[in-house]
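Final position of the sequence shown in the numbering used here is 299; the numbers increase by one with none missing.
Backbone N, C-alpha and C define an ideal beta-carbon position, used for all residues, glycine too.
Owing to the predicted nature of the structure, the values given are computational and were not obtained by experimental measurement.
In what follows, a single structure is set out as structure tokens and then discussed.
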Amino acid sequence: MDRPGFTLPASVTVPGAGSLVVERVAAASTVLSARASAPLKLLVPRPRGPSVWAYASTFGGGLLEGDAITLDVRIGPGATTLCATQASTKVYKSERGGCSRQTLLVSVGEDALFASLPDPVCPFAGAIYQQRQRIELLPGASLVLVDGLVSGRAARGERYRFTSYRTTTEVVQENRLLVLDALTLEDTPESSIAERMGRFDVYTTAILVGPRVEAAATALIEDTTRAPVRPPDHVRSRLLATASPIPGGAVLRVAGEEPEPVAAFLRVSLAFLVPLLGDDPWARKW
């Protein structure tokens, strides 16, 4: 039975629709409902405990032209939830000019924590991709939201060869827009995507906000401020990171030449999540 205030979508039988409802029951975060329809798959290896862990994926491991994935997550007061992926989300070539879409809609209850730690999106040559994320935080709610992109199958010469990549992220705190982050990557008559992105093949943003992560956000700002822009010997850095303050948190941006160093940097920067989640979400990946 759905709790008041946690209304599920009218139907999750729509292709690509899914929902996850988590509440704190008997001092443990507990899944009340987890539903998904193809091509979306929703795996919940930890349905109850210090935190709920859920992994979203698609049949075939990627998005085809015309696929539209929508995941609706509702987290009750005091509960903790991790949403992640098992691997990078591949976006396949658009043959007829159609788009592949992903939408994430999340409501985080009072004193709850939501951590979204997906692998980067990997758009193939000719791909058209749109993504929208909207996170609504109730009083005392906390959030860690990671959003990343890799240039494509660089080993096959598909470096920034996709047609269009558009993402929009909104974080609303107590009915007030706190973060609006948008990125559009498309070739223009003046320059290509590859020219504008330079030597970097990986770009990741992490948004941290709320009382359970505010101290870690402050430490990230201090660490990135102290770090030199260039190494002492003036060798060109293979990874750049910066953190900007927002009320009650920070926005971390990382650009790297290769995925592995960026992933390692994020793992260290977000290590504070391990005790909050009850385990290391990166332990089986790196």
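Does residue i come out as helix, strand or coil in the three-state DSSP assignment?
i: S204; result: coil
i: T176; result: coil
i: D293; result: coil
i: A128; result: strand
i: L221; result: strand
i: G29; result: coil
i: A92; result: coil
i: R189; result: strand
i: S70; result: strand
i: P52; result: coil
i: P136; result: strand
i: R300; result: Any answer about residue 300 is impossible in this case: the structure gives the chain only from 14 up to 299.
i: V287; result: helix
i: V281; result: helix
When you compare only the Cα positions, how much space is there between residue i and residue j?
i: A140; j: T94; result: 31 Å
i: G73; j: I88; result: 29 Å
i: D292; j: A195; result: 31 Å
i: R225; j: Q144; result: 27 Å
i: K106; j: A254; result: 31 Å
i: P260; j: R189; result: 11 Å
i: S64; j: S164; result: 33 Å
i: G31; j: T237; result: 37 Å
i: R239; j: T231; result: 13 Å
i: E273; j: L286; result: 20 Å
i: A228; j: E235; result: 11 Å
i: L55; j: C96; result: 10 Å
i: D214; j: S101; result: 14 Å
i: M266; j: E36; result: Reading off the sequence shown, one finds Arg at residue 266, where the question assumed Met. Each residue's Cα considered, the two are about 31 Å apart.
Which residue's Cα is closest to the Cα of residue i: the options?
i: E149; options: P131, V185, L191, C135; result: V185
i: A256; options: L233, A168, A69; result: L233
i: G110; options: P272, Y216, G79; result: G79
i: R249; options: R209, R266, E270; result: E270
i: V112; options: V157, V104, V119; result: The sequence shown places Cys at residue 112, not Val. Checking every option, the nearest Cα to that of C112 belongs to V104.
i: P28; options: P288, A49, S42; result: A49
i: L252; options: G262, Y216, P136; result: Y216
i: T176; options: A138, V159, E203, R166; result: A138
i: P288; options: P258, T201, G62; result: G62
Taking the Cβ atom as the reference point for each residue, do residue i and residue j lie within a distance shorter than 9 Å?
i: R212; j: L198; result: no
i: V44; j: A67; result: yes
i: V157; j: L130; result: yes
i: Q115; j: L162; result: no
i: G5; j: A276; result: The displayed coordinates of the chain run from 14 to 299. Any statement about residue 5 would go beyond what the structure contains.
Which word fits residue i, buried or exposed, when buried means at least 16 other C-beta atoms lie within 10 angstroms of its C-beta?
i: P152; result: exposed
i: R169; result: exposed
i: A268; result: buried
i: S205; result: exposed
i: A125; result: buried
i: R209; result: exposed
i: A40; result: exposed
i: G18; result: Because G18 carries a pLDDT of 40, less than 50, the predicted location of this residue cannot be relied on, and the following value inherits that uncertainty. That one is exposed.
i: T83; result: buried
i: E108; result: exposed
i: L221; result: buried
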